[in-house]
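Chains as they are written, first to last, in numbering that gives the first Met the number 0: chain A, 0 to 659; chain B, 0 to 154. A virtual CB, placed ideally from N, CA and C, is assigned to each residue, including glycine. Note that the structure is predicted; figures quoted are calculated from it, not measured. Have a look at the structure below before the remarks.
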Amino acid sequence: MIVETGHFALVLALALALVNAAVPLCGVVGRDQRLMAVAPSVALAGFFLVALAYAALTYAHVTSDFSLVNVVENSHSAKPLIYKITGVWGNHEGSMLLWVLILSLFAAAVAVGGRAMPVDLHAAVLAVQSWIAAAFLLFILLTSNPFARLANPPIEGQDLNPLLQDPGLAIHPPLLYLGYVGLSITFSFAAAALICGRIDAVWARLVRPWTLVAWIFLTLGIAMGSYWAYYTLGWGGFWFWDPVENASLMPWIAATALLHSATVMEKREALKVWTIFLAILAFSLSLIGTFIVRSGVLTSVHAFANDPRRGVFILAILVFFIGGSLLLFALRANALKPGGFFAPVSREGALVLNNLVLSTCCATVFVGTLYPLALEALTGEKISVGAPFYNLTFVPLFLPLCALMPIAQTLAWKRGDLLGSAQRLIFAFGCGLAVMLALFAWRGGPSISLVLAGLSIYLIIGSFADLATRILGRAATVKGHLFAHAFGLPRSAYGTALAHAGIGLSLLGLAATGWGAQKILAMKPGDVASVGPYDIVLQSIGPQTGPNYTATVAHMAIRAGGVEIGDVDPAVRFYPTRQVSRAEAGIKTIDFGQIYTGISDGDTPGSVNARLYWKPLVTCIWFGAVVMALGGLCSLSDRRLRIGVARRARKLAAAPQAAE
Amino acid sequence: MMRAVALASFIVLALTPSFAFAVTPAEMLSDPKLEARAEALSAGLRCMVCQNESIDESDAPLAHDIRVLIRQKMLAGESDAEIRAFLVARYGDFILLKPPWKAETFLLWTAPFLLLLTGAGAIAIAARQRKTAAPSALSAAEKSKLASLIGEEKG
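As structure tokens, this is what we get:
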């Protein structure tokens, strides 16, 4: 009964989405306030219904209701509770339901949080969002119904894929989806702006927090996915240039470019056409990503291909939304007047360069991901586009961008002083060079790692050069404590510095991979292997029984200079239901580096094949992403100041003496 | 998770219950120089039955066979290029993670640079048009207003 309620709620949500897709738009066109006012409450009701459907599916998974196809195929009564809950989105139908849940969550957030927006824009945004929701609800109900029942329920389920039974899965998909789908709001804003003819600085200011929220989640989601792949897949790689990873990277790059171009639009009313285009592009790339992942077009022999209707349906959604929005764009964008004037060497000029390079990076990933598909479709010839391609194309584009980032930050708006900016960065540059030379003298090592390490130090320090100059400059001219001056700077300036420094930190982690060590060997209890500065002792090999698996666990002690500093327990798990094995890495974090160990069954009884790695500073790769997200958060908190501007201005008028 | 869901399907196909991962100690050559060469070479080759994994990383039996084959050929004194040519003759360009430079991949390799140049050109043209539309000089009325504003601030 609960399951049927969920199914029914989903159908109702579709009906509401259709209402909200039409009524507010009629209101906007006919300038009827009453019709426009429908949008927020219907959006909230839609969210409630989708949440109900999602809760019903979760209930079925938690109670192991094997009369549901979805539960039978993806669950097992002995599966731990946490994986019964996360398993809801560990399959096609459930993950699409999560997709729509987040879509309607964002609609609800705009319905509540956007009350200060112009009424017509607010209504139009929610209407466009409902169009998207309606399309995907239809997709779920017609091709991917998670509530399908079985006439003869089996006694036991087929269990969730062991790779997905991991805490990382609990966090990664919701984070990624919040980012991926969060960009739908940006898209809806762009379409609404085109419909209402409100393409101005106010629009840019209104859309910024939503883009930031999506960007923060996307950043964290990608980092989390990368870390999950790192410790689950068993050999310590963290980025594979896999099409599925690229599918999430492309919207991230587009969203990053959008954040930067929207700043120009907000501050200077320039780049309006381009910003709108990027807003459309970012979500279009999300949709393309969904198509790539969900249609099975990349893995034609695999699971999703058994139902080609899904692929065709998503393709139709894709064509409708991307084509429709671009048509709207083409019809409306011509009416835009050019904005503020700026010199080539200026903050605006730097941001244009940023957008040029980021767009090219994004296009490179796009071409690399889809070229093999296109070539195979046209000529039947199969090629692979792997990491070496991106190392030769993406990396040479991205690294110069990193070098330019601190310079751009110190350039003034309208007309900048390149020489002056360069002078402010001498300290950062010197530090980078010093670190590079020191590392060369100390470790030697691959030249690319040396360059990356120097670049990262320069980037981290250089990101704060602008803030430092501003704080010291104020301290020199205005009285007051240094902290007071630091606190007086806008938080978005700190956000920029943190986000850029985060990229530097990730680069540092990447650079350090060049100084790692690895050892692959057969080990028996008592064997010692040295990897990097550490010795690893295999102390015992033993069996272990989990709730739905059996495992072989190797207990290893880590020693530094003869002193034991910790232990790791790498394992191989065997899941009998699916007849699948999975490696469970043993990881010990030492400062920012990690000892990474993995085992597999040995060739002789009583031994294991072990892979031992020392990965110095490896956590910086993901830590950098967290710092980037913190930067985003910092910038987001600046929004309160913006909303409060009018109120504070009134206060200042009431007490003019407080102004100084 | 998206990677995982895609991976999930292939792993079921590619993994036999006896789990072996990537390069195993038994496969490795005793000469560390030759072994490093073998690992570098196999890292650039695609495991044909996996999704975007190299021969060096893969658990699949096919990857194991190719790893052993590469090492045998290296011991027999073949160069990296010879071994690669042998594998391409057998499996096609699909096995190379770095696509070869030829007519079919011309657009793939040049696209990033063509796009960068096109973008830069478009921006240059837009900037030139913008320059002609640069703000005109201040009118007499604006000048006097500016002067009075500046005077106000000084006073």
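Where the beta strand (DSSP E) through residue i begins and ends
i	result
residue 567 of chain A	562-567
residue 554 of chain A	549-559
residue 608 of chain A	607-614
residue 520 of chain A	516-522
residue 543 of chain A	533-544
residue 491 of chain A	Per DSSP, residue 491 of chain A belongs to no beta strand (DSSP E); it is in the alpha helix (DSSP H), 490-511.
residue 583 of chain A	579-583
Limits of the unbroken alpha helix (DSSP H) element including residue i
i	result
residue 380 of chain A	First-last for residue 380 of chain A: undefined, no H or E at that position.
residue 307 of chain A	307-332
residue 38 of chain B	31-42
residue 449 of chain A	446-462
residue 341 of chain A	Segment: none, residue 341 of chain A is in no alpha helix (DSSP H) and carries neither H nor E.
residue 266 of chain A	242-267
residue 161 of chain A	Careful: residue 161 of chain A lies outside any alpha helix (DSSP H) and carries neither H nor E.
residue 236 of chain A	Neither: residue 236 of chain A is in no alpha helix (DSSP H) and is coded neither H nor E.
residue 85 of chain A	80-85
residue 121 of chain A	118-142
residue 225 of chain A	200-231
Presumed contact (8 Å Cβ cut-off) between residue i and residue j, rounded CB distance
i	j	result
residue 211 of chain A	residue 631 of chain A	5 Å
residue 133 of chain A	residue 13 of chain A	6 Å
residue 197 of chain A	residue 117 of chain A	7 Å
residue 315 of chain A	residue 288 of chain A	In fact, because the Cβ distance is near 16 Å, the residues do not count as touching under 8 Å.
residue 18 of chain A	residue 41 of chain A	6 Å
residue 106 of chain A	residue 45 of chain A	7 Å
residue 159 of chain B	residue 359 of chain A	Lying before the first or after the last residue shown, residue 159 of chain B is absent from chain B, which here runs from 0 to 154.
residue 268 of chain A	residue 199 of chain A	7 Å
residue 575 of chain A	residue 79 of chain A	Actually they do not touch by this definition, with Cβ atoms about 16 Å apart.
Reduced DSSP secondary structure (H/G/I, E/B, other) of residue i
i	result
residue 17 of chain A	helix
residue 571 of chain A	strand
residue 301 of chain A	Residue placement at residue 301 of chain A cannot be trusted, given a pLDDT of 35 that sits under 50; the coordinates are not used to answer.
residue 468 of chain A	helix
residue 22 of chain B	coil
residue 644 of chain A	Per-residue confidence for residue 644 of chain A stands at a pLDDT of 45, beneath the threshold of 50, marking its modelled position as unreliable; no derived number is given.
residue 589 of chain A	strand
residue 12 of chain B	Any answer about residue 12 of chain B is weak, because its pLDDT of 36 lies below 50 and its placement is not dependable; what the coordinates show is given next. Residue 12 of chain B: helix per DSSP, three-state reduction.
residue 142 of chain B	helix
residue 654 of chain A	Low confidence applies here, because residue 654 of chain A scores a pLDDT of 47, under 50, leaving its location unreliable; read the following figure in that light. DSSP places residue 654 of chain A in coil when its eight states are reduced to three.
residue 165 of chain B	With chain B running from 0 to 154 in the structure shown, residue 165 of chain B is simply not present.
residue 12 of chain A	helix
residue 6 of chain B	Bear in mind that a pLDDT of 44 at residue 6 of chain B, under 50, signals an unreliable position, so the model cannot answer this.
residue 1 of chain B	Low confidence applies to residue 1 of chain B: its pLDDT is 45, below 50, so where it sits in the model is not reliable enough to give any reading.
residue 600 of chain A	strand
residue 530 of chain A	strand
residue 594 of chain A	strand
residue 74 of chain B	helix
residue 34 of chain A	helix
residue 423 of chain A	helix
residue 148 of chain A	strand
residue 89 of chain B	helix
Query raised in the report: Quick check: the region 445-464 of chain A against the region 473-482 of chain A, are there 3 or more CB pairs under 8 Å?
Result: Taking 8 Å as the limit for Cβ pairs, the verdict is that the region 473-482 of chain A does not touch the region 445-464 of chain A.
Requested in this report: Residues of the region 378-393 of chain A with a CB closer than 7 Å to any CB of chain B: list them in chain order, please.
Outcome: Taking 7 Å as the Cβ-Cβ cut-off against chain B, the residues of the region 378-393 of chain A that qualify are 378, 380, 381, 382, 383, 384, 385, 386, 387, 388 and 392.
Query raised in the report: Using 8 Å as the threshold, is the region 365-383 of chain A in touch with the region 87-106 of chain B, meaning 3 or more CB pairs across them?
Result: Contact holds: three or more Cβ-Cβ distances are below 8 Å.
**Report entry** Interfacial residues, the region 344-358 of chain A to chain B, with Cβ spacing under 8 Å
**Finding:** Here the close residues are 351, 355, 356 and 358.
Query raised in the report: At a cut of 8 Å, does the region 214-227 of chain A reach the region 166-177 of chain A through at least three beta carbon pairs?
Result: Flag = yes, the region 214-227 of chain A and the region 166-177 of chain A touch.
**Report entry** Touching by the beta-carbon criterion (3+ pairs, under 8 Å), the region 559-572 of chain A and the region 496-505 of chain A
**Finding:** Touching, no.
Report task. Count the C-beta pairs between the region 392-402 of chain A and the region 429-441 of chain A that are closer than 8 Å, then say yes if the count reaches three, no if not. Result -> Short answer: they don't touch.
Query raised in the report: Using 8 Å as the Cβ pair cut-off and three pairs as the minimum, do the region 132-147 of chain A and the region 546-563 of chain A touch?
Result: Output reads no: the region 546-563 of chain A does not touch the region 132-147 of chain A.
Requested in this report: Note down, in chain order, all residues in the region 547-564 of chain A with a beta-carbon under 8 Å from any beta-carbon belonging to chain B.
Outcome: Those residues of the region 547-564 of chain A that come within reach of chain B (Cβ to Cβ, closer than 8 Å) do not exist; the list is empty.
Query raised in the report: Between the region 27-57 of chain B and chain A, which residues of the former have a C-beta closer than 8 Å to a C-beta of the latter?
Result: Cβ contacts with chain A: 27, 43, 45, 50, 51, 52, 53 and 56.
Report task. Check distances from the C-beta atoms of the region 238-258 of chain A to those of chain B and list, in chain order, the residues that come in under 8 Å. Result -> The region 238-258 of chain A vs chain B, Cβ under 8 Å: 239, 240, 241, 242, 243, 244, 246 and 247.
Query raised in the report: Of the residues that make up the region 101-123 of chain B, which ones have a beta carbon closer than 7 Å to any beta carbon in chain A?
Result: If the cut-off is 7 Å between Cβ atoms, the region 101-123 of chain B has 103, 104, 107, 110, 111, 114, 115, 118, 119 and 122 near chain A.
Requested in this report: Count the C-beta pairs between the region 92-99 of chain A and the region 42-59 of chain A that are closer than 8 Å, then say yes if the count reaches three, no if not.
Outcome: By the Cβ criterion, the region 92-99 of chain A is in contact with the region 42-59 of chain A, since at least three pairs of Cβ atoms, one from each stretch, lie closer than 8 Å.
Query raised in the report: On the three-pair Cβ rule with 8 Å, is the region 339-349 of chain A touching the region 65-80 of chain B?
Result: Touching, no.
Report task. For the region 436-445 of chain A and the region 487-496 of chain A, state whether three or more C-beta atom pairs, one from each stretch, are separated by less than 8 Å. Result -> Here the region 436-445 of chain A does not lie against the region 487-496 of chain A, with fewer than 3 beta-carbon pairs under 8 Å apart.
Requested in this report: Taking only beta carbons into account, state which residues of the region 78-97 of chain B come closer than 8 Å to chain A, listed in chain order.
Outcome: Those residues of the region 78-97 of chain B that come within reach of chain A (Cβ to Cβ, closer than 8 Å) are 91, 92, 93, 94, 95, 96 and 97.
Query raised in the report: Which residues, in order along the region 591-607 of chain A, keep a beta-carbon less than 8 Å from a beta-carbon of chain B?
Result: Under the 8 Å Cβ criterion, the region 591-607 of chain A contributes 597, 599, 600 and 602.
Query raised in the report: Would you call the region 58-71 of chain B and the region 30-50 of chain B touching, i.e. three or more CB-CB distances under 8 Å?
Result: Flag = yes, the region 58-71 of chain B and the region 30-50 of chain B touch.
Query raised in the report: Counting Cβ pairs, one atom from each stretch, are 3 or more of them under 8 Å apart for the region 242-259 of chain A and the region 270-289 of chain A?
Result: Enough Cβ pairs lie closer than 8 Å, so yes.
Query raised in the report: According to a CB-to-CB cut-off of less than 8 Å, which residues of the region 503-526 of chain A neighbour chain D?
Result: Considering every chain present, this structure includes no chain D. Its protein chains are A and B.
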